[in-house]
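Using numbering that gives the first Met the number 0, you'd call the opening residue of the sequence shown number 0 and step up by one each time. First up is the structure itself, then whatever we jot down about it.
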Amino acid sequence: MEKYIMYTVYAISSINRNYIYVGLTNDFNRRFNEHNRGKEKTTRPYAPFTVLYRETAVTRPRARVREKYLKSGIGKEFLKSLV
Numbered sequence: 000m001e002k003y004i005m006y007t008v009y010a011i012s013s014i015n016r017n018y019i020y021v022g023l024t025n026d027f028n029r030r031f032n033e034h035n036r037g038k039e040k041t042t043r044p045y046a047p048f049t050v051l052y053r054e055t056a057v058t059r060p061r062a063r064v065r066e067k068y069l070k071s072g073i074g075k076e077f078l079k080s081l082v
């Protein structure tokens, strides 16, 4: 039997600052905790975070396409409309 790995594309928003981070992972809970515990150099100054948006994809390439979209101008506008 084949094991399927689902990927999560997510956007997290800093609680204290005006900052949104977009990423993808195959283990959302682990990754979200890493961001909040300051384990990620890029997001450390902006912690703590709240989940702004998340969606799943069945393959990493599909998740990457969605991640790139959310990082684009129109994707950023969409995310800002959720704040």
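Using N, Cα and C, we set each Cβ at its ideal position, and we do this for glycine too. The model shown is predicted, which means the values in this text are computed figures rather than measured ones.
In this structure, I11 lies near F48, with their beta-carbon atoms less than 7 Å apart. Residue range F27 to N35 is occupied by the alpha helix (DSSP H) that includes E33. Taken through DSSP and simplified to helix, strand or coil, S13 comes out as strand. Distance from R65 to E54 at the Cβ level is roughly 7 Å; contact confirmed, criterion being Cβ atoms closer than 8 Å. Per DSSP, the beta bridge partners of F48 are S13. With a cut-off of 8 Å on Cβ pairs, the segment 70-80 is not in contact with the segment 24-37, counting fewer than three such pairs.
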